[in-house]
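Undergrad: Counted the way this note's numbering counts, the sequence shown spans residues 1 to 119.
Structure below; questions to follow.
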Amino acid sequence: MGDPDATLTSDQPPTEPSKTAAALDEESTIRSNPSADSARRKERLEWANKALKGAEMVSGGIPIVGGYVGAAAKVGVACVELAQLADQNEEEANMLESRTTRLSEILGQFKGGSANNDH
Numbered sequence: 001m002g003d004p005d006a007t008l009t010s011d012q013p014p015t016e017p018s019k020t021a022a023a024l025d026e027e028s029t030i031r032s033n034p035s036a037d038s039a040r041r042k043e044r045l046e047w048a049n050k051a052l053k054g055a056e057m058v059s060g061g062i063p064i065v066g067g068y069v070g071a072a073a074k075v076g077v078a079c080v081e082l083a084q085l086a087d088q089n090e091e092e093a094n095m096l097e098s099r100t101t102r103l104s105e106i107l108g109q110f111k112g113g114s115a116n117n118d119h
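This is the structure we're talking about:
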């Protein structure tokens, strides 16, 4: 059969090691950016929601299986809406956490100041 590694790499163009490392660094930077991930996820969910709603709208015109297609599309829309709600709740929880942390820091400054004033 031959060397399995040779068949895996024969379709890939040769690359310079520095370019590969740079591409990997860029990819890890993109993956470590939660706001970019969140934006991509929102975009994908919006696209899926529109596609499923479109399928639901045209399902009535499909003979025999139209009812099944429409029902499946409704389930899909419900799942997408649940995912969007979960993302929204996560964003709100993260915002609440950051504001609570900031409030704790501010109150900590007052606590430190009042301890000095008592003496």
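Quick reminder that beta carbons are idealized off the backbone N, C-alpha and C, glycines included.
Give the single residue among 64, 76, 37 and 42 whose Cα lies nearest to the Cα of residue 54.
TA: 76
Undergrad: Assuming residue 45 and residue 84 form a contact by the criterion Cβ under 8 Å, report the distance between their Cβ atoms to the nearest whole angstrom.
TA: 5 Å
Undergrad: What residue from 97, 56, 87 and 64 has the CA that sits closest to residue 71's CA?
TA: 56
Undergrad: In whole angstroms, what separates the C-alpha of residue 47 from that of residue 82?
TA: Distance between the alpha carbons of residue 47 and residue 82: 15 Å.
Undergrad: Just verifying my parser: in three-state terms, what is the DSSP assignment at residue 64?
TA: coil
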